[in-house]
Each structure stands twice: as C-alpha cells, then as structure tokens.
Amino acid sequence: MNQPISKQRKIAKSPFKILDAPALQDDFYLNLVDWSSTNVLAVGLGTAVYLWSACTSKVTKLCELSTMVTSVSWTVRGTHLAVGTHHGDVHLWDTTLNKRVRVMGGHTERVGTLAWNATVLASGSRDKTICMRDPRCPMDVTSILQGHKQEICGLKWSFDDQQLASGGNDNKLMIWNCHAPHPVLRFTDHSAAVKAIAWSPHQLGLLASGGGTADRCIRFWNTLQGHGLQAIDTGSQVCNLLWSKNSNEIVSTHGYSLNQVIVWKYPSMTKVATLTGHTYRVLHLAMSPNGQTIVTGAGDETLRFWNAFAPSTSASTLSSLMLPLGRHNIR
1 MNQPISKQRK
11 IAKSPFKILD
21 APALQDDFYL
31 NLVDWSSTNV
41 LAVGLGTAVY
51 LWSACTSKVT
61 KLCELSTMVT
71 SVSWTVRGTH
81 LAVGTHHGDV
91 HLWDTTLNKR
101 VRVMGGHTER
111 VGTLAWNATV
121 LASGSRDKTI
131 CMRDPRCPMD
141 VTSILQGHKQ
151 EICGLKWSFD
161 DQQLASGGND
171 NKLMIWNCHA
181 PHPVLRFTDH
191 SAAVKAIAWS
201 PHQLGLLASG
211 GGTADRCIRF
221 WNTLQGHGLQ
231 AIDTGSQVCN
241 LLWSKNSNEI
251 VSTHGYSLNQ
261 VIVWKYPSMT
271 KVATLTGHTY
281 RVLHLAMSPN
291 GQTIVTGAGD
301 ETLRFWNAFA
311 PSTSASTLSS
321 LMLPLGRHNI
331 R
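Printed below as a string of structure tokens:
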C-alpha cells in the first residue's frame, strides 16, 4: 500500500519587510526586541526605546534614558513594557499613556534579560542574580534567586507560569519554581553560554535550550521528570529559540559564523527552511501575536520580518495587515 506523500510547506526565503534600526547593539547578552499581544514591536536602540505598530507602521519614541537600554519585555496583556538598563534598574512604562509608572532597583549591574508571567516580572543581571518583582507590591524585589556563577542571559516562564528557566554565561540551564530560592533542576550539558530558551506551547514541561559559540547545540529537556531528551549540533552559535504556536515546529537564530535563521520540525529536527540575509549574528527574535510572522534583529542594524510559521485554522496572515513592503526606518 502506497504511503501518501506529505507536502513540504514552502517558506519564502526573503523577508517581506525590513526596518532599519540604527544603534541596534551587537551584544549577545542583551534582549532588545519584543512583540506585544496588541501587535506592537518594542525595540531598544542605544539609550532609547521605540514602539512600532505592525498594523499602522507608526513609530513612537517611548523614552530616552540616561543610560543604555539592555532589555525590553511586554506584559502578557501588552499594555505595559519593562525596560532593563545598563545601570541595573528596571523601568515600567504604561504604553497606553506613554508614561513611566515605576523605576525598580535590585541589581548592581546591567539587566540583560526580562520575563513576565501573568503577574510577576523576573529580571536577570550581570550581577549573577535573578530578581522577582510584583508591580502590585510596594517593594521593588519580592525575592532573589541565586545559583548562577556568571551573567544571566536568558529567562523564560513556562506557559502554566509554574516554572522559570534561566540560562547563564556559566553554561548552566536552571529551572526554578515560584516557592523556592534555589533551582529545582540544574542542567550542565551545554559547553557555552545559554541565552536561547523556549518552552513548548504544545507539551507541558518540554523545554528547548541553545548554546553559544563553543557549543552550537539545541537541547531538549523534560523538566517534569528532570532529564534530557535529545540534542542536535547546529554548526553555529545559537542565539534564540521560539516555538510555533500553531504547529510542532521551532525556529532558531544563529551567530558565528552563518548568521542564519532555521525553521525545524520537532521532534525529527528536519530543516523546514533556512533563511539568510543578516550580515551580523542574529541576536534578537520575536513572534507576532498570531504566531505566523517572526522578526529578527542583528548588529547590521536591521529588523527583518519573515513569514516563518503556518497559520492557525482561524488566523489571517499578519503580513496582509501591514503596510506595503519595502525598507523603512524605525526612528
């Protein structure tokens, strides 16, 4: 009996939109791009944060700080933006009013990574600590997580908000729960910095992580049982990972030396597409609210928009909602 031939989904090899992003830093440890649930892209450029509406292409300058912006992260609702700084503070902005509502201390060095769950903001710093913050509380920091020996460069909450994954320049991947100051799991298999972290939206406890230049591997973990599942050597520095919301696929972005974007089928880890165009390592990655479009950013000072993932059965393509193709400036 003949097996039906499965159709390989075709992905456009060129971005459908490019935004110039002057002063977008080429620093592996920073996280300067995030896409909100309300379809607004936040980008940290030098000492400023800009907001770009995917629906109207309107650019708004949210703020100009006295220090470098080192991370940005939207709340789940997409109404407030956390901004990490080189000085170690975290600024919270109400973007509906373009108003700063709070400045939170707690770190002694730069804040390179931020992650929200429904109510709590986790911030990771070069001071080796993770600060947990609840903006509803008067205290800037509700608890401090310590375990990494070097800079925290990746933070992601699981989709049920119960586990926080952290990656460090000490090559460690750690899993924390909300009730303990020490990690419940420590994974030491990577041989370079762990910035790229992504939880599967399809399977509880399935976590992907990627290692830096000396490692090059994407590794998968079962955090409910506490063991590794599989690993694949990608051939270059892994800078970011994101799972598709609509299919069992994952995208990785890369640095030295290929500067590419790869869409993989999970769990076979066959390549669906390889996307090239950036001339610097692809350090920044975010996904549109409908899960179809990704935006990548690099030290070549461009943001590139790709139709990387299939739509859900009810979704319309984001690219059709955007203004015409071409190259534009984000500031």
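FYI, the UniProt record's numbering numbers position 327 of the sequence shown as 327, with every residue one higher than the one before it. All C-beta atoms, glycine included, are put in the ideal place defined by N, C-alpha and C. Quantities reported herein were computed from a predicted structural model and do not represent experimental measurements.
Sequence-distant residues of its chain with Cβ nearer than 7 Å to residue i (five each side left out)
{"i": "residue 216", "result": "233, 234, 235, 236, 237, 238"}
{"i": "residue 223", "result": "163, 175, 185, 205, 207"}
{"i": "residue 96", "result": "79"}
Member of the options whose CA lies at the smallest distance from the CA of residue i
{"i": "residue 159", "options": "105, 78, 118, 283", "result": "118"}
{"i": "residue 226", "options": "56, 183, 97", "result": "183"}
{"i": "residue 10", "options": "295, 277, 300, 263", "result": "263"}
{"i": "residue 124", "options": "105, 247, 94, 137", "result": "105"}
{"i": "residue 168", "options": "137, 177, 133, 210", "result": "210"}
{"i": "residue 269", "options": "250, 282, 255", "result": "250"}
{"i": "residue 213", "options": "254, 199, 64, 243", "result": "254"}
{"i": "residue 135", "options": "47, 68, 149, 81", "result": "81"}
Euclidean distance between Cα positions of residue i and residue j
{"i": "residue 50", "j": "residue 110", "result": "20 Å"}
{"i": "residue 328", "j": "residue 98", "result": "23 Å"}
{"i": "residue 231", "j": "residue 24", "result": "31 Å"}
{"i": "residue 21", "j": "residue 241", "result": "21 Å"}
{"i": "residue 40", "j": "residue 295", "result": "12 Å"}
{"i": "residue 325", "j": "residue 45", "result": "Any reading at residue 325 must be qualified, since the residue scores a pLDDT of 46, below 50, and its modelled position is unreliable; no value is offered."}
{"i": "residue 245", "j": "residue 289", "result": "9 Å"}
{"i": "residue 112", "j": "residue 267", "result": "30 Å"}
{"i": "residue 76", "j": "residue 37", "result": "7 Å"}
{"i": "residue 330", "j": "residue 59", "result": "6 Å"}
{"i": "residue 310", "j": "residue 108", "result": "43 Å"}
{"i": "residue 272", "j": "residue 12", "result": "11 Å"}
{"i": "residue 247", "j": "residue 287", "result": "14 Å"}
{"i": "residue 102", "j": "residue 94", "result": "9 Å"}
{"i": "residue 283", "j": "residue 154", "result": "12 Å"}
{"i": "residue 277", "j": "residue 196", "result": "20 Å"}
{"i": "residue 114", "j": "residue 74", "result": "9 Å"}
{"i": "residue 86", "j": "residue 127", "result": "11 Å"}
{"i": "residue 31", "j": "residue 191", "result": "21 Å"}
{"i": "residue 194", "j": "residue 221", "result": "14 Å"}
Contacts around residue i, its chain only, beta-carbon distance under 6 Å, and the 5 residues preceding and following it disregarded
{"i": "residue 418", "result": "Residue 418 is absent from the structure shown; the chain starts at 1 and stops at 331."}
{"i": "residue 187", "result": "173"}
{"i": "residue 15", "result": "304, 305, 306"}
{"i": "residue 170", "result": "148, 149, 150"}
{"i": "residue 6", "result": "With a pLDDT of only 49 at residue 6, under the threshold of 50, the placement of this residue in the model should not be trusted; the figure read from the coordinates follows. Closer than 6 Å at the Cβ level, and outside the excluded window around residue 6, lies no residue."}
{"i": "residue 52", "result": "41, 59, 330"}
Residue environment, residue i, which counts as buried when at least 16 other CB atoms sit within 10 Å
{"i": "residue 323", "result": "The pLDDT assigned to residue 323 is 44, lower than 50, so where the model puts this residue is not dependable; a value taken from the coordinates is nonetheless given after this. When all chains shown are included, residue 323 counts as exposed."}
{"i": "residue 151", "result": "buried"}
{"i": "residue 179", "result": "exposed"}
{"i": "residue 129", "result": "buried"}
{"i": "residue 218", "result": "buried"}
{"i": "residue 29", "result": "buried"}
{"i": "residue 177", "result": "exposed"}
{"i": "residue 297", "result": "buried"}
{"i": "residue 131", "result": "buried"}
{"i": "residue 88", "result": "buried"}
Inter-residue CB distance, residue i and residue j (contact presumed, cutoff 8 Å)
{"i": "residue 84", "j": "residue 66", "result": "With 8 Å as the limit, residue 84 and residue 66 do not qualify as a contact, their Cβ atoms being about 14 Å apart."}
{"i": "residue 34", "j": "residue 299", "result": "Between residue 299 and residue 34 the Cβ distance is about 18 Å, and since that is not below 8 Å, they are no contact."}
{"i": "residue 292", "j": "residue 275", "result": "Between residue 275 and residue 292 the Cβ distance is about 14 Å, and since that is not below 8 Å, they are no contact."}
{"i": "residue 181", "j": "residue 146", "result": "7 Å"}
{"i": "residue 156", "j": "residue 198", "result": "6 Å"}
Own chain, CB closer than 8 Å to residue i, minus 5 neighbours either side, in chain order
{"i": "residue 133", "result": "90, 104, 106, 120, 121, 122, 123, 140, 141, 142"}
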